[in-house]
Amino acid sequence: MATNVEAKGWDRNQMAARAAKELKDGYYVNLGIGIPTLVANNIPAGMTVTLQSENGMLGIGPFPYPDEVDADLINAGKQTISELPSSSYFSSSDSFAMIRGGHIDLTVLGAMEVSERGDIANWMIPGKMIKGMGGAMDLVAGVKKIIVVMEHNSKSGDPKFIPECTLPLTGKNVVDMIITDLAVFQRPDHDSPFKLIELAPGVTAEEVRSKTTANYVE
Amino acid sequence: MKIFPNAEAALEGLLFDGMTIAAGGFGLCGIPERLIDAIQANGVKELTIASNNAGIDNEGLGRLLRTRQVKKMISSYVGENKEFERQYLAGELEVEFCPQGTLAERMRAGGAGIPGFYTKTGVGTVVAEGKELKEFDGETYVLERGIRADLSIIKGWKADESGNLVFRKTARNFNQPAATSGKVCVAEVEEIVPVGSLDPDCIHVPSIYVKRLILGAPYDKKIEFLTTREREPA
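Laid out in structure tokens, this is it:
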């Protein structure tokens, strides 16, 4: 039984691939920084999904070729990107009108904590991390469906899907789905509890239970 | 004439200690760098600056932080800036964290004669603390104030001699709402073209907003994170 314990569960790219299964043809999607960005590499062939960048672009193309790099063309993570024939540009105020106005179908975000009631904390560790919330608060307030992709436990082993967030919130009662390296939780509406709907390969429901403090339905 | 010979001349008579400035740009993309340099050289201090970011160390607004000219930043994201972090943690710099979309709308609203607006963004978080909440159709919204700045500084791509201005790609970002937020907007551009050269249907900032204009070129545009892909072999 001394085999590779690490092989259990999903890696970062597999978590992103799982999130990509929630995409639908014609969706307009905003992807956060980190694992969520990897969702772009997992869009099913033949499906049209338009990616929004909150700094003012619809239709994010791939990273540019070295000789096509343009300092005026970056994503919200300040990385150089390219445009597509269908791309459009607009101001930050128009961009967030789109986000706040409920026109974006789906967003995939990272998180430090998610509570059993769907609260999310991902922008601040008091006294430690002071970078700011960027567009995260607007996204969770305005986008139709909110998916969180995060490690099930912190580096020190603490559960991240918990009864009540301990960190300053990004949004209250906003998360629809949680994808971790161990499992997927979902809820049909913001009044219902989360339900464990899927286990990563080699992971048991008991293991998920033992590594989670949030209440959820099995 | 709106066209001034340089940034220093364009800012003549507009700067005073304790003033509020709305600045365009996202990261280092589309930042009004000539105007920032001129504000640094002027030495005006106790500034409140509404800008999505605070530059990075010694680039963009980071320069004004280094010279301690900034009293307060109103921003959504201030990472990648050691001097900012140091001053903030030491209590030397005041920061009002404002969600990115709320900040853009505060500038837009301020410039559009709307002193406040309700938004769902930030409800239930520290951002809404101490602010008026109101229910509309069963949802709770928070009252946010428009920003009417003393001065707007923006960077455009091209402007005609009358001040009609266009941006290029994602360099538009906060420059458009910032342009309208100030009582006076000073713009720097890469190229000034004769009246009639820009398509009137494709103007991003109509001339009414651009009170003073300078040619800022040549620009050495900085990239924060260079990401590329390989060309497939032919």
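Those protein sequences? They're chains A and B, same order as listed.
So the first sequence is numbered by the numbering used here: it starts at 1 and just counts up by one.
So the second sequence is numbered by the numbering used here: it starts at 1001 and just counts up by one.
From the three backbone atoms N, C-alpha and C, an ideal C-beta is built for every residue, glycine too.
Bear in mind the structure is a predicted one, so any value in this text is a computation, not a measurement.
{"Check": "Simplified DSSP assignment, three categories, for residue 50 of chain A", "Outcome": "strand"}
{"Check": "Cα-Cα separation between residue 53 of chain A and residue 91 of chain A, rounded to whole angstroms", "Outcome": "11 Å"}
{"Check": "Minimum Cβ-Cβ distance from residue 1238 of chain B to chain A less than 8 Å", "Outcome": "It is not possible to answer for residue 1238 of chain B, since the shown part of chain B is limited to 1001 through 1234."}
{"Check": "Backbone secondary structure at residue 1136 of chain B - three-state DSSP", "Outcome": "strand"}
{"Check": "Within-8 Å CB hit, residue 1168 of chain B to chain A", "Outcome": "yes"}
{"Check": "Through-space distance from residue 1065 of chain B to residue 1019 of chain B, alpha-carbon basis", "Outcome": "15 Å"}
{"Check": "Proximity winner among B/1041, B/1071, B/1083 and B/1049, relative to residue 1154 of chain B (alpha-carbon distances)", "Outcome": "B/1049"}
{"Check": "Whether residue 174 of chain A touches residue 106 of chain A by CB criterion (8 Å)", "Outcome": "no"}
{"Check": "Backbone CA spacing between residue 2 of chain A and residue 168 of chain A [nearest angstrom]", "Outcome": "Confidence at residue 2 of chain A is low in this model, with a pLDDT of 45, below 50, so the placement of that residue should be treated as unreliable; the coordinate-derived value is given next. If you take the alpha carbons of residue 2 of chain A and residue 168 of chain A, they lie about 41 Å apart."}
{"Check": "Interface partners of residue 1072 of chain B on chain A, CB under 9 Å", "Outcome": "Per Cβ cutoff of 9 Å: no residues; residue 1072 of chain B is ~14 Å from chain A at best."}
{"Check": "Residue from B/1007, B/1005, B/1006 and B/1023 with nearest C-alpha to residue 1150 of chain B", "Outcome": "B/1023"}
{"Check": "8 Å Cβ cutoff, residue 1226 of chain B in contact with chain A", "Outcome": "yes"}
{"Check": "Residue 1200 of chain B - DSSP class collapsed to helix/strand/coil", "Outcome": "helix"}
{"Check": "Exposure of residue 1062 of chain B, with buried meaning 16 or more beta-carbon neighbours within 10 Å", "Outcome": "buried"}
{"Check": "Cβ shell of residue 79 of chain A (< 8 Å), same chain only, five flanking positions each side left out", "Outcome": "63"}
{"Check": "Candidates A/139, A/101 and A/211: closest to residue 155 of chain A by CA position", "Outcome": "A/211"}
{"Check": "Through-space distance from residue 1095 of chain B to residue 1088 of chain B, alpha-carbon basis", "Outcome": "7 Å"}
{"Check": "Cβ contact (3+ pairs, closer than 8 Å) linking the segment 1173-1188 of chain B and the segment 1098-1108 of chain B", "Outcome": "yes"}
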